Structure formats: C-alpha cells, structure tokens
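Take a look at the structure set out below.
There are 2 protein chains.
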Amino acid sequence: MAYLSLKEETIQELQNIAHRLRIHAITSTQAAKSGHPTSCSSIAEIMSVLFFYTMRLNLQNPRDPASDRLVLSKGHAAPILYAAWAELGLFPVENLLNLRKYNSDLEGHPTPRLNFIDVATGSLGQGVAVAAGMAYVGKYFDKSNYRIYVVVGDGESTEGSVWESLHFAAHHKLDNLCIIFDVNRLGQSGPTSLGHQMDIYRQRLEGFGCNVYVINGHEVEDLLEAFHEAAYTKKKPTAVIAKTFKGKHFPNIENMDCWHGRPLGNKAESVINHLQDLIVDAKGHEIPIKSLPSIVPVPNVDITNLKLSTPPAYKIGDPIATRLAYGSALEKLVEYNNCVIALDGDTSSSTFSDKLKKAFPDNFIECFTAEQNLVGAAIGAACRDRTIVFASTFAAFFTRAFDQLRMGAISGTNANFVGTHCGVSIGEDGPSQMGLEDIALFRALPGSTVFYPSDAVSCERAVELAANIKGICFIRTSRPNTAVIYDNNESFAVGKAHVLKQSPKDQILLIGACVTLMECLRAAIGLEKIGMHARVLDPFTIKPLDRESILENGYACYGLILVVEDHYQQGGLGEAVLSALADRRGFIVKHLFIPSVPRSGAPKTLLDKFGISARHIFKAAKEIIEIDSTVF
Amino acid sequence: MAYLSLKEETIQELQNIAHRLRIHAITSTQAAKSGHPTSCSSIAEIMSVLFFYTMRLNLQNPRDPASDRLVLSKGHAAPILYAAWAELGLFPVENLLNLRKYNSDLEGHPTPRLNFIDVATGSLGQGVAVAAGMAYVGKYFDKSNYRIYVVVGDGESTEGSVWESLHFAAHHKLDNLCIIFDVNRLGQSGPTSLGHQMDIYRQRLEGFGCNVYVINGHEVEDLLEAFHEAAYTKKKPTAVIAKTFKGKHFPNIENMDCWHGRPLGNKAESVINHLQDLIVDAKGHEIPIKSLPSIVPVPNVDITNLKLSTPPAYKIGDPIATRLAYGSALEKLVEYNNCVIALDGDTSSSTFSDKLKKAFPDNFIECFTAEQNLVGAAIGAACRDRTIVFASTFAAFFTRAFDQLRMGAISGTNANFVGTHCGVSIGEDGPSQMGLEDIALFRALPGSTVFYPSDAVSCERAVELAANIKGICFIRTSRPNTAVIYDNNESFAVGKAHVLKQSPKDQILLIGACVTLMECLRAAIGLEKIGMHARVLDPFTIKPLDRESILENGYACYGLILVVEDHYQQGGLGEAVLSALADRRGFIVKHLFIPSVPRSGAPKTLLDKFGISARHIFKAAKEIIEIDSTVF
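Just so you know, the sequences run in chain order U and Y.
1 is the number of the first residue of the first sequence in UniProt numbering; add one for each residue after it.
1 is the number of the first residue of the second sequence in UniProt numbering; add one for each residue after it.
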C-alpha cells in the first residue's frame, strides 16, 4: 500500500511534538544536573513520529503482547523516551523532573522497573539483538503483525554485536523489524568514524540484507514514509538510516563537539525559548488514526508449570554425558508445552540441542557463530512471557556475551543458558574450548540460579526446574560420559544438596560436581582402604548453595572440607563454599581447582596433571586429616 | 608493480605442497583420533602459497619482529599450520604425529607455547583484531613493511568482532593487513548462513572499506596474484575472499555435511592414496625467491624498566579521582619511554586516557565503540614486545570482551587494561554503566595481576608497576574524586598491603579499597567514639592479595574481619580474602557488597542504600565485635 501524504497540519503537529520532547529532555536533565540532552534532540522527530503516529501502543497495558515494541538501543537518550510516554499520557509530565533521582524509576538509562520498558539498555549495541529476538517470536511463534522498532546510535553501530544481529535478522527474514540508525555524526569523545557518510551506511546495511532508506531524520514526512514502506516490505528487515544532528535546534550547540552527556546549564533557558518559538500553531490539530492495520491478536501462552513429558529413564551406572541429558530434557519439555524454544550458535551437534532441532524444528532458532546475538535474541524472545527460552553453546563462549548477560540480569530476563564442554575434562581440544570461568561469570549475575548437575537424571531435573524459575538460570554440562548415580525417582530442588556417601566416622567432607564428584567418590573409596572416612556431597546448585547442608555435614566432619572443581579458583564452587562459611569459625577448606592455563591431552590425563583427580583428592584429604589430628 | 605469472612448474610445486599439507592434516588427526582435517583441507592452497612463496619468514627466529606474521583465526585448522612450519623445516615432520598429546606443544588449537605462534586462537572471530593491532604497530610505530595475514573461516565471519576489526582496519588505513576468508560453505552443525554467495561477502567487505578479491581458493595462481596485488595496494586493508570446499580433494567427503571436527577414520588411507596421486612431478622444482621487497628493519625498542618521568605530586587530602591519576601516569610513562601506547573505545574523555591523546597523539589509538576489537587490538599491539599497551574503557564494558581477555590470558599477553567507573559510586548513570563484576572477571584470568588503587598516588604507582609486569594487568579506577591519602614518597609493590590505621587495642580488621576504604576510615573514627577499635587495611592489589598481612593483622584483631567493596559478592575482594584464609580456622569474615541490581541516584545515596557506607560498616563492625565478645 503506497504512502499517502498526511495533511500539512498533522505534519506540523508531529513537528511540534518533537520540539516539546526536546524541551522535556532539556528540563529533565537540567533538574538532574546530568544526562544527554543533545543525544535526545537528534531523535526528537523519530520519537515523535513513532509514538504519535506509527506505533500501535496500548496505554492501558504498555507491555501488551499485542502491541508494537520499541527498544531504545542508545539508552542514554532515555529522557526523550520517558518524555514520549509522558506526553502520550502514561504518567504526568511533571514526573520527568525526577529523572535520575533515587526515588524515581526514571533512571539514567532505561530499565524494566518502568512498565513501558522491556529490557535495560545503556551498554551500547545490544538493542538490535533483543529486538530481533522479539521479531522472531512475533513472526514465527505469535504469528502476529506487531512490529518491532529499535533506535541505534551511529556511535554504537561500530559494536560488532549490531552486525551479528542484522545478519540474523536478514537470514530469518524478519520483515517485522525496523532498525533506525540515528546518524548524528558525534560520539562521546569526538566525531564518529564515519561521520555523515550516508552511502557507506547504505552499502553496509544493504550488504547485510536490509531494505534500506536513507532519509533526513529531522523531516517528519521522510520518517512517516519510511516507516510506512517498511511495514509493507516483505522478507527483509528495514533499516532507516536517518541523517541527524546532535543537539538539533539547540543554537550554538547543534552539531558541535564536546556536548555529549552534558545538560545545557546556563544555555538551557535560551534554547528552550528558541524551541518554543519553533512550535507553530500548537494544540491545533488532531493526529489522525494510524494508517497501519490493527494488530492480529496473539495466542494465549501459558509459560508456567512446565514439566518433562516423561520422567528420566536411565540405569544407574550407565555412562551418559550431562550434555546429552540436556538435549533429551529439552525435547521432553516441548512435548509437554510447545512454548519452549531453544537457540544455539552453530554448536547444536555438540550441545545436543540438536535433539530438539530434529524433533521440533519449529522450536529451534539457529543463531550461527555469534554468541552476543545468541544471548541478546534469547533475552528478546523471552520478553512479555511469550516463550520459555534455552540458549546453548560451549560454556567458554558465554564469556563472549558477558555484557549481554549482565544487561539481561539488569533486565530481569527469564532466559535460560546452558553451557557445555566445561573444564579440562573436554580433553584434546585444548584451553580455548574449555569453560573454566563460567561459574564465576554466572554467579556474578544478580538473581541468577546456577545448576551444576552431576549426572543425567539430575540434569534432566535441572532443565525442568530452570524452565520454571524466574530470572537467569545457567546449567553447566560436561562433555564426557559420566555414570548415572541417581535413581530416576530422586527429587531435586534448587539449593538442596545431596549427600552421596556418609558414615558416623567421617573425618572430612568432599564436595565436587559431575566429573570431580566422580573423582571424590573414587578418592573416598581409596581413603576407606587406609581407614579414613570421607563424606561426599553433591551441591546440585552452586547458586543458591545449600549452606545448611554444608554447615551440618561440615561440622559432622570436624570442620574439614575439601572442594574440588574443574574450574579456575576464582568465583567458582570453592569460593561459593567459602562465602557460605564466612561467618563461622572452625572450618578448614582445602580447594583443588585448575591452577593455570591448561593444555591439550586426554581428559583423564588432564584431570590428573591439573590436580583434580582422585589421586590428588586422596592425597590432599589424607594430609588435612593427619595435620588436623596432630594439631587438635 | 604488476603480478607476473610464475613458471608452471613452480605453480605445480606449490600445488604439490598443498597436497602434502593435506596428507599431514589427515595423518596427524588420525594419530590424535580427533581434530579437523576437512577444515584444514579447504585452506591447503592458501597455506602453501603463503608459507612457501608470499610470506617473508625467518626460520631461525619465527617471532622475528622484522618478518611477516600469520594469525590463524580459524584455530581449529591448527594441524595444517603445524604442517606448514614442519615442511618449511622448523621441526621434524614426524612430530606432527604427536598432535593433541599431553607431552606435545602441538595442541588442538594453536597457543604461543609454540615459538611460531603469537596468540592463541580457537575461540572464533578474534584473529582479525589481533592482526589489526599488529598491523597498526607495523605501519605507525615500527614503520616497517612487514605484512600481517589472517585466515578467517566463513563460519566465524558471523562473529561481530570480525566486523569491528574490519571497520578499525579500514578507518586506520591498514594496507599492510590481508584478511583471507576461507568460504568453505560448511559450519560445525550444518551449512553456513551465506553458503557460497560470494557476492554478498564482496558487498559486505567493500562496504567495510576493504580492497576485495573474490577468487577460487584452490587455484594457486589466483592466490599468488591476490597476495601480490594486496601488497601493492595503498590505504586499504585487503580482503581475499576465497571460494573453497571443506574436505577439498577428499573423495566422498569434500563439500559434504557432518564431517566437521572428525578425523577420516577408515577412509583415511584411500584419501591419502588419492592425494598422493595428485602430487605431480614432485621434488622437481625449486620455488623462486619471493617477489616482494625485503623487510625494512624495525627499530630497537626497549620495553623494560619503565618509569614515571616524575613522581606523583599530590597534596594529602586533595580530592583527585583515581581515573584522572591514570591519565597523568600514562602521560608520564610516555615522557619516559615512547614505547608506551594507549587504546580507548570512545571513552577517553571519561577514562582520562585523553591526557595522553592530547600530549602524544601518535601514541594514542582510537578504537571507537567496539570493546572486543579494543581488547584484541591491544593484544596484537603487544605482540613481539613492540609496545607497552594500556587499553581503557568503563570497567563494565570489559565484560563485552571477556572472551578476548580469556584468550589473551591463554596467549600470555602482556597488555594492560584499565577500567574506570567502577561500582555504584558512579551514581546517576545507573547500573548499565557500573562495573560490578570486573574484579571477578579479571581475577579469573590465569596469571593476571589486579590493582585496585585507593588514591591518586597509589594509582600512578599501579600504572608504573603494570607497565613492568608480564601478563595481563588490570587497574580498577573510580569516577568520583577521593582524597589523596598517601605521601608522594610512599612505596608500593604488587601483593603488598598498607595498614592505614592501627593500635594495639584493635578489635576488628576493616578491608576496603578506594571509595570503600574511605568509608572504612570514617567508620573506624565512629567506632573509636564508642570505644571500639578498628584496624584499616588497603590491599592495593586484589591479585595477588597480601595474604601474610591479612593473616597477621587479622589475628591481631582476634580473627574478626570486615571486607567492604563496591562490587557484587561473587569473585571480588571479599571472596579473594576468603580464599586467602581458607586453610585457617578461627576467622570470621563479614562481607559487605552490592547485593542486588543497583539503580540511579547520587553516589553517596547509593553507597548507603546498597549497604557499603560508613554507617553500615560501623553497624556491622559493632555487631560482630559484640557478638564475638559474648561468645568467647
């Protein structure tokens, strides 16, 4: 459907609104004494057109799943986003003056404390991934026609993550996605690398598979037309490349360096006066009803009370890798409830998410080798409770997306992450492929839950629990086959450890997980042969850790604890145990971990050479027991 | 200079070598029973031409600074890289059969344990950044004509980091850089997203500012010509987009799915026979002397014994942000030795690396908003001891480059990293900008040193020490001004804490750094007023931590310790202290940290609301002292 020009007075009204938004951006950052008014001004017309004409929003329920979404990737322009919602009537415009104050949710950068924000932004270059995840869900799961808009700064367009997401969006033909590039020529510390070379942006974005419009971002009608045409473009995401000026319409500030992240100070008044003069024939004209068709209702989705379709069915002693059990559990979850989806970054044949890919191809999203987008898209897909998401790759490669995970935690995302190939037990591939800091990473995310299942039964249950827990869950799985140790009927709970071996004579508590738990059990048998007694504990979740059980069993073993993990020293299971015991005197904790950069070799060789095999556990336990009994 | 065809027999010889390399890749992965022979085969001609004709190498010193460099970004093709060096004569070809064995340095993916490897690869998409860093140094610091080649897989070209680095390379006109894309159409779990659509690769790479050749990657002469022309192209990096086939010349395997990362097993023998048949008129022809001009000698650089040109010159009590002291120290280092360079990601006006940028613009490299490339380029710039590198951005944004830092640690890089704006003390900008997991990140890197200077004097010394320490150093700096507490003559050493307040009556040891150290000092004064006595310790380095001093002072305070940090609980200063005390009974450690996602607000408000202000320290210390004296 071709774009028909709107009446001149409508266009003037949208222009007037843009100026009003500019004024709010100035007054709110003046009140806060910090913030980014010039970065707001360059997108004033973009925001005006999106919010007051193009987007189909529901003021009664800003996170209505059947409405358009906007992600402000350049989160530092938050004041104008807040101003737009206030001008729409969601909350009083006076509240804008509480920007950045402790008691206001109008934070320096947007967070979902606000009911009209889906995800936190402010770490640049992440919005496109989230928007692409939303768009994928809209197109392929909700099968609705709601549209996703994302506003990206030109400074942030140098983030590689942006290009990962554009590639993803084009590959999956996300024609419901519209990416607006605010090319205002100025970054934080100086001019951007590309300035106003619009042709280069065009060439890059066309190369990455977008339907491209290069427009004047301060021309209301250019924007109206581009957004209209975008909505009728099929099989391609649209990139609107808007040539703008930082501080547009701020006399003596517009397009000048050194005005990033600064309120206008004593220039504010004159700029506001100037903007007020630009508002012509205000409150004159109603904006007509939007031209796009109304939104197709979205299906009802119930993402609660997820269960495995059938319980684990293994035989004790059978060698099954926990990563394989992850794949099986995924498949069972989808059998039970079709809202479960999996994403992977070209590692599905290793993570075993390909079990779901084969059984339910529609529930699988291939993200190729691009972990930042993998995580960002997962966060986007989980928004507004449309799906339960599991995203998997090698544990090591989640380090690639730590910033996205960090922002995911700030966003309170419900996405789940599964990292396989942890530790030296992967063997010959060598250190680049070994996850040895993944527990540290995921423990450090506020509100996260970290599972480290020790066998196939507990891994299936971990997946089931993760599907039901709010917030980020991480499940650490291993490459090698390890023996099934739990009965299929064993019950598992978050923060609940399992004691696998105990006697009243125990002298030391051994704590390990998966491969190192197996080594602990072997060491315990060895110790028994020389008349020493070790208790063995499987924590199941590293965060929260079962502090009560560790205290109780630790005290029962005279306060002697040995923690063994296939991870570096810092931030892993060992330090989690130490944190749990920090306020108690009387414990000695010996920690065996990977002490240096590992290397290639057979898994068993590496466990031994890097000091976490049964032999080392045996030796360390014996030493501690002997020394301790000498001292006391 | 135009490319002149080589003699037919030379071309045949290079083709023969390619087949010999293929055979080595098969036999070595057969011996290892794992590895990626098909991924090797697609680059056999590329490697043959580079190693046996194009590159100017020094077999006597493979890391000769005056020689060309190759980075194998697709590190899983390591066997053919090893084979090339072996065939060149660096080590016996028989050694190739030790691939992936514990006692061999021929690991599954390349690491600098080998004297011909500059950086570890294997986590995909990182090679271009490193190569770009090397190229920048070659062009602008060494001012030599050595060239940098980097081989990138098509699967990994979806990593955004690749595009960050291409942007960087084009912006800085790195015409000494040649990026070879091995477009073999197949990824790990299936076909790549772009397959053999060479035009799309061309459009993208031209859009990103490269001089582009699309060639048949199995045609020796195509490669010879492209590398020749690349060497004579000015002001642009060259991208050679090579159309190849995975498992090329492996009958019934070539171009077939499901052969990623698998040795050929029982097909190996027949494939080897086939390849041997393809070797025509072998050992017949000498390869002529290379056509490129010889390498311009590189300047002598001494990167040892770096000093500040002048000592710190502050007045005790003056309010100076540690980030500002970082900028000052950088400038002083360059004044002393011009080998020091700084990189920043469009945050130089906030990190104060702009002090160096203004004083010594030639020693500053702008990396724009692209932290993965920032870190990768820093690692590249530090290679072969050409420069001492400091790379800075907000502490929070290093999470974006955790994978690059992880690989940097495996590479034993000597690059230094400075993260500003740590913790809630940044205030109004809100959680997206707060580094609250950066200590956890940098502690978890093997061999790292983590500085957390508490004032301007100690920060300048931290920068000086970091410049001299091998391995990754991280310096955590703060945004707000904090009082200078050390005399300008105070001496600082790695792993050496400073006790700032003590008396024989001390009942508790308070440990903090920078903003929280100031709060500890305030709390100690408060405690004194109610007759309680606290000792205050500044650790200076978090890794290594001054265990002796903490033990000694902790015992002197009856084993009561209170650690306060502007960081999340996990992996930070608190858990570092707990690890240091793990093997001792008798300590109680109370830990105050940021317990949840923070929000915008005034710095002082946030310190208090999130529980790390003097008031909270006072209260916690009082409580512990009282409870403990009741118990004992």
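Backbone N, C-alpha and C fix where the C-beta goes; we use that ideal spot for every residue, glycine too.
Since the model is a prediction, treat every value here as computed from it, not as a measurement.
Checklist entry - Since Gly153(U) is in the beta strand (DSSP E), which residue starts that stretch and which ends it? => result Position 153 of the first sequence, counted from the first residue, corresponds to residue 153(U). Note, Gly153(U): beta strand (DSSP E), 148–153.
Item to check | Residues from the stretch 601–623 of chain U in contact with chain Y, defined by Cβ distance under 9 Å | outcome: Using a CB distance below 9 Å, the part of the stretch 601–623 of chain U facing chain Y consists of Gly601, Ala602, Thr605, Leu606, Lys609, ordered along the chain.
Item to check | Expected contact under 8 Å - CB spacing of Ile485(Y) and Ile316(Y) to nearest Å | outcome: For the purposes of this step, residue 485(Y) is taken as the residue at position 485 of the second sequence. For the purposes of this step, residue 316(Y) is taken as the residue at position 316 of the second sequence. Taking C-beta atoms under 8 Å as the contact rule, Ile485(Y) and Ile316(Y) qualify, at a distance of about 7 Å.
Item to check | Three-state secondary structure assigned by DSSP to Asn61(U) | outcome: Here the question's residue 61(U) lines up with position 61 in the first sequence. In the displayed model, Asn61(U) falls within coil according to three-state DSSP, outside both helix and strand.
Checklist entry - Of all the options Gln507(U), Thr413(U), Val240(U), which has the alpha carbon lying nearest to the alpha carbon of Lys622(U)? => result To locate residue 622(U), count along the first sequence from 1; it is residue 622. The closest CA to that of Lys622(U), considering only Gln507(U), Thr413(U), Val240(U), is found on Gln507(U).
Next on the checklist: Suppose you measure from the CA of Ile388(Y) to the CA of Lys470(Y); what does that come to, to the nearest Å?
Outcome noted: If you number the second sequence from 1, residue 388(Y) lands on position 388. If you number the second sequence from 1, residue 470(Y) lands on position 470. Their Cα atoms are separated by approximately 10 Å.
Checklist entry - Where in the stretch 63–120 of chain Y do unbroken runs of the beta strand (DSSP E), each at least 3 residues long, occur, reported from the N-terminal end onward? => result Whole beta strand (DSSP E) segments, 3+ residues: 69–72.
Checklist entry - What are the uninterrupted segments assigned as alpha helix (DSSP H) that are 4 or more residues long and contained completely in the stretch 303–367 of chain Y, given in chain order? => result Listed in chain order, the complete alpha helix (DSSP H) runs (minimum 4 residues) inside the stretch 303–367 of chain Y are 322–336, 348–351, 354–359.
Checklist entry - Just reading off the beta strand (DSSP E) that His24(U) is part of, what are its end residues? => result In the first sequence, residue 24(U) corresponds to position 24, counting from 1. Here His24(U) belongs to no beta strand (DSSP E); instead the alpha helix (DSSP H) covers 8–32.
Item to check | Where Tyr140(U) falls: helix, strand or coil (DSSP) | outcome: Along the first sequence, read from residue 1 onward, the residue named residue 140(U) stands at position 140. Correct three-state label for Tyr140(U): helix.
Checklist entry - Which stretch, first to last residue, makes up the alpha helix (DSSP H) that contains Glu565(Y)? => result What you label residue 565(Y) is simply residue 565 of the second sequence in a count that begins at 1. Per DSSP, Glu565(Y) is not a residue of any alpha helix (DSSP H); the beta strand (DSSP E) it occupies stretches across 560–568.
Checklist entry - If we ignore side chains and look at the alpha-carbon of each, how far apart do Gly217(U) and Phe398(U) end up? => result Counted from its first residue, the first sequence places residue 217(U) at position 217. Counted from its first residue, the first sequence places residue 398(U) at position 398. Spanning the two alpha carbons is a distance of roughly 37 Å.
Next on the checklist: Quick check on DSSP: helix, strand or coil for Val375(U)?
Outcome noted: The count along the first sequence starts at 1 and reaches residue 375(U) at position 375. Looking at Val375(U) - three-state DSSP - the assignment turns out to be helix.
Checklist entry - Grouping DSSP H, G and I as helix and E and B as strand, with all else coil, what is Lys543(Y)? => result Position 543 of the second sequence, counted from the start, is the residue given in the question as residue 543(Y). The DSSP-derived three-state label of Lys543(Y) is strand.
Checklist entry - Can you tell me the Cα-Cα spacing of Gly492(Y) and Leu194(U), whole angstroms? => result As a working note, residue 492(Y) is residue 492 in the second sequence. As a working note, residue 194(U) is residue 194 in the first sequence. The sequence shown places Phe at residue 492(Y), not Gly. Each residue's alpha carbon lies about 44 Å from the other.
Checklist entry - Going by other Cβ atoms of all chains shown within 10 Å of its Cβ, with 16 needed for buried, is Pro299(U) buried or exposed? => result Translated into the one-based positions of the first sequence, residue 299(U) becomes position 299. By the neighbour-count rule (16 or more Cβ atoms within 10 Å), Pro299(U) is not buried but exposed.
Item to check | Opening and closing residue of the alpha helix (DSSP H) in which Thr393(Y) lies | outcome: Residue numbering aside, residue 393(Y) sits at position 393 when the second sequence is read from its first letter. No alpha helix (DSSP H) holds Thr393(Y); the beta strand (DSSP E) holding it covers 388–394.
Next on the checklist: From the DSSP secondary-structure annotation, give me the bridge partner or partners of Lys462(Y).
Outcome noted: Along the second sequence, read from residue 1 onward, the residue named residue 462(Y) stands at position 462. The identity of residue 462(Y) in the sequence shown is Ala, whereas the question assumes Lys. Note: Ala462(Y) sits in no beta bridge, so no partner.
Next on the checklist: Just to confirm the assignment: which complete alpha helix (DSSP H) runs, minimum length 4, are found wholly within the stretch 584–612 of chain U?
Outcome noted: You should have 603–609.
Checklist entry - Ala86(Y) CB to nearest chain U CB: under 9 Å? => result In the second sequence, residue 86(Y) corresponds to position 86, counting from 1. Between Ala86(Y) and chain U, the shortest Cβ-Cβ separation is not below 9 Å.
Item to check | Three-pair Cβ contact test at 8 Å for the stretch 462–482 of chain Y versus the stretch 318–326 of chain Y | outcome: With the cut-off at 8 Å, the stretch 462–482 of chain Y and the stretch 318–326 of chain Y touch.
Checklist entry - With respect to the alpha helix (DSSP H) encompassing Tyr213(Y), which residues constitute its N-terminal and C-terminal limits? => result Taking the second sequence and counting its residues from 1, one reaches residue 213(Y) at position 213. It is not in any alpha helix (DSSP H) - Tyr213(Y) instead sits in the beta strand (DSSP E) that spans 211–216.
Next on the checklist: Please list, in chain order, the chain U residues whose beta carbon lies closer than 8 Å to that of Gly187(Y).
Outcome noted: One-based indexing of the second sequence puts residue 187(Y) at position 187. What Gly187(Y) touches in chain U: Asp346, Phe368, Thr369.
Item to check | Selection from Ser294(Y), His171(Y), Arg599(Y) that minimises the alpha carbon distance to Pro191(U) | outcome: As a working note, residue 191(U) is residue 191 in the first sequence. The shortest CA-to-CA distance from Pro191(U) to any of Ser294(Y), His171(Y), Arg599(Y) is the one to His171(Y).
Item to check | Outcome for Ile514(U) when other beta-carbon atoms lying within 10 angstroms are tallied against a minimum of 16 | outcome: As a working mapping, residue 514(U) is identified with position 514 in the first sequence. For the record, residue 514(U) in the displayed sequence is Cys; it is not Ile. Buried.
Item to check | Reduced DSSP category for Asp429(U) - H, G, I as helix; E, B as strand; rest coil | outcome: In the first sequence, counting from the first residue as 1, residue 429(U) sits at position 429. Correct three-state label for Asp429(U): coil.
Checklist entry - What are the boundary residues of the beta strand (DSSP E) that includes Ala230(Y)? => result In the second sequence, counting from the first residue as 1, residue 230(Y) sits at position 230. No beta strand (DSSP E) contains Ala230(Y), which is instead part of the alpha helix (DSSP H) from 220–231.
Item to check | Asn416(U) - partner residues in DSSP beta bridges | outcome: As a position in the first sequence, residue 416(U) is number 416, starting the count at 1. Answer by DSSP bridge pairing, in chain order: Phe390(U), Cys473(U).
Checklist entry - When Cβ atoms are compared, which residues of the stretch 402–424 of chain U fall closer than 7 Å to chain A? => result You won't find chain A in this structure, because its protein chains are U and Y.
Item to check | Minimum Cβ-Cβ distance from Arg204(Y) to chain U less than 9 Å | outcome: Position 204 of the second sequence holds residue 204(Y). So, interface residue.
Checklist entry - Ile508(U) by DSSP, collapsed to three states: which one? => result Here residue 508(U) corresponds to residue number 508 of the first sequence, with the count starting at 1. Three-state DSSP puts Ile508(U) in a strand.
Item to check | Sub-9 Å separation of Cys422(Y) and Gly435(Y) beta-carbons | outcome: Sequence index remark: in the second sequence, residue 422(Y) carries index 422 (1-based). Sequence index remark: in the second sequence, residue 435(Y) carries index 435 (1-based). In contact: Cys422(Y) and Gly435(Y) (Cβ atoms closer than 9 Å).
Checklist entry - Terminal residues of the continuous alpha helix (DSSP H) containing Arg443(U)? => result Within the first sequence, numbered from 1, the residue matching residue 443(U) stands at position 443. Arg443(U) -> alpha helix (DSSP H) spans 438–443.
Next on the checklist: Could you give the first and the last residue of the continuous beta strand (DSSP E) run that contains Thr238(U)?
Outcome noted: The sequence position of residue 238(U) within the first sequence is 238, counting from 1. Start and end: 238–243.
Checklist entry - Assuming Leu81(U) contacts Pro62(U) under a Cβ cut-off of 8 Å, what Cβ separation, rounded to an integer in Å, is found between them? => result Taking the first sequence and counting its residues from 1, one reaches residue 81(U) at position 81. Taking the first sequence and counting its residues from 1, one reaches residue 62(U) at position 62. Cβ-Cβ separation between Leu81(U) and Pro62(U): approximately 12 Å, too far for a contact (criterion under 8 Å).
Item to check | Ile200(Y) - containing alpha helix (DSSP H), residue span | outcome: Against the second sequence, residue 200(Y) aligns to sequence position 200. Unbroken alpha helix (DSSP H) run through Ile200(Y): 198–207.
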